[in-house]
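Chains A and B are the protein sequences, given in the same order. When we follow our numbering, the leftmost residue of the first sequence carries the number 2, and every step to the right adds one. When we follow our numbering, the leftmost residue of the second sequence carries the number 2, and every step to the right adds one. Worksheet: the structure to be examined is printed underneath.
There are 2 protein chains.
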Amino acid sequence: MYQSSSTADALVEAARQLFSQHGYDGTSVRAITRHAGTNLGAITYHFGSKEALYEVVLAAVNQGVDDRLMAAAQTPGPPLDRIGGFVQALFDVFAENPDYPQLIMHELARERPLPEGLRQALERRIGTLASLIREGQEDGSIRTGDPMLMALSVGSQPLWITLAARPVQEGARIDQTDPKTRKRLVGSVVEFVRAGLAAHPEKRE
Amino acid sequence: MYQSSSTADALVEAARQLFSQHGYDGTSVRAITRHAGTNLGAITYHFGSKEALYEVVLAAVNQGVDDRLMAAAQTPGPPLDRIGGFVQALFDVFAENPDYPQLIMHELARERPLPEGLRQALERRIGTLASLIREGQEDGSIRTGDPMLMALSVGSQPLWITLAARPVQEGARIDQTDPKTRKRLVGSVVEFVRAGLAAHPEKRE
DNA sequence: GGCGGTATGATACGAACGTATGAAGGAGGT
DNA sequence: ACCTCCTTCATACGTTCGTATCATACCGCC
């Protein structure tokens, strides 16, 4: 990691905000150091380079999200309920850590392959969904189909809807910053996912 | 638009490739002009600025995709079939115009609001899906729920899965460049969407 | 043949970038 | 008091960027 200090911490915090807002190329070391109230040379001194600081930020943000999500996946209950809970958790985590989807967005736009930590986290999440689906297929509550592909359908909805919150608001007039709207939205996605997976039609409440 | 000429056309073509690969900031006018085999000053002369050339590229690519999609939406048949066809068309159009999702990806990562043309196109597509859903609800083939939110669930799958083709391959080992895999993937999404929307369980083939 | 307007050419300019350099500060140990 | 080491600071360097400038080349037309 890095030697923590008030200056280094301030740099990470400022970098997290600026990188998530403007991406790697769009954020200058001058902007970061100014925002952190430090000298221009502080990034080189504490982290070695701008790129190294970026990696620290990415790893930290990803770690926080990952812990939260893996906990959400380990609740008991029937598979369909747990999948619904996982979808809900995805929405919640992204809402609590708004920097994360932004960073992912910028990261996707870069040419280079995903950093190892991010790739593993993604793989773990899609794997978790797939195994929940497989479980449901075994107990007969989920219809047949390739669990991995079905997991992709499930996961793509919270991911895209959160990542693209801005165009969704502009194009579909759905404002996710409004808690009531958000609740309706998340509820609709959970219901859609359950209906898309269920082997038998579920009873409507 | 712009005064078409062999030089201007070559610039647009080179810019389309480079902008979609590396984004606006990641593409220099020097790279574009070199790629197009023209002089450094050609962009300023023919388009006025790099930004103006970018807008031309964006509008052209979007136009092509839009024409293709709106045609796909106007086939006859029951709503669920037409929605399935639209999802299929989304996948096909993105595969035929790989520059488009890339450009969208980069555009989402920029801070500025979506260009008007893109915003309208997005709005039109989500609106098309929503009205198809509403139609299905009226004839009883689609379950109840907010059509706009359900449309978001439907549209997010082809969009995200295509935009994130690279991380999907890295994280879920699903290679969309392989036609057989792609066909299975698209089929799975169509089936998931139908199941997610249908009022009654559909017969399995 | 010469002329005028359009297009292309080489080059210059000022700004912003990431990083390197070396001096100045400041607290803790002896 | 002084030396040491970690940190902060101002500033310089070399590159790359988008655009401006102005000379040269091309071509239909009188």
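Using N, Cα and C, we set each Cβ at its ideal position, and we do this for glycine too. Values in this document were obtained by computation on a predicted structure and should not be read as measured data.
B:Ala199 sits in a strand when the DSSP states are folded into three classes. Among the bridge pairs identified by DSSP, A:Ile143 is matched with A:Ala199. With fewer than 16 other beta carbons inside 10 angstroms of its own, B:Pro114 counts as exposed. By the rule that beta-carbons nearer than 9 angstroms mark a contact, A:His47 does not touch chain B.
Under the three-state reduction of DSSP, A:Tyr55 is assigned to helix. Closest in alpha carbon position to B:Gly137, among B:Arg125, B:Ala152, B:Leu123 and B:Arg126, is B:Ala152. Here DSSP, grouped into helix, strand and coil, assigns B:Ser7 to helix. Within 8 angstroms of the CB of B:Val169, the CB atoms of chain A belong to Leu153, in sequence order along the chain. For A:Glu97, the uninterrupted alpha helix (DSSP H) segment begins and ends at Pro80 to Glu97. Apart from the 5 residues on each side of it in sequence, A:Gln158 sits with its Cβ closer than 6 angstroms to the Cβ of Val190 in its chain, given in chain order.
B:Ile143 places its beta carbon 9 angstroms or farther from that of B:Leu91. Chain B has no Cβ within less than 9 angstroms of the Cβ of A:Gln75. Taking 9 angstroms as the upper bound on Cβ-Cβ separation, chain B lies near residues Gln22, His23, Gly24, Asp26 and Gly27 of the region 19 to 32 of chain A.
For B:Ser50, no alpha helix (DSSP H) run applies, since DSSP gives it neither H nor E.
The C-alpha of A:Thr8 lies about 8 angstroms from the C-alpha of A:Ala37.
Look at A:Asp147: its C-beta is under 9 angstroms from a C-beta on chain B. Not a single C-beta of chain B is nearer than 9 angstroms to the C-beta of A:Leu91. Within a 10 Å sphere around the beta-carbon of A:Tyr101 sit 16 or more other beta-carbons, which makes this residue buried.
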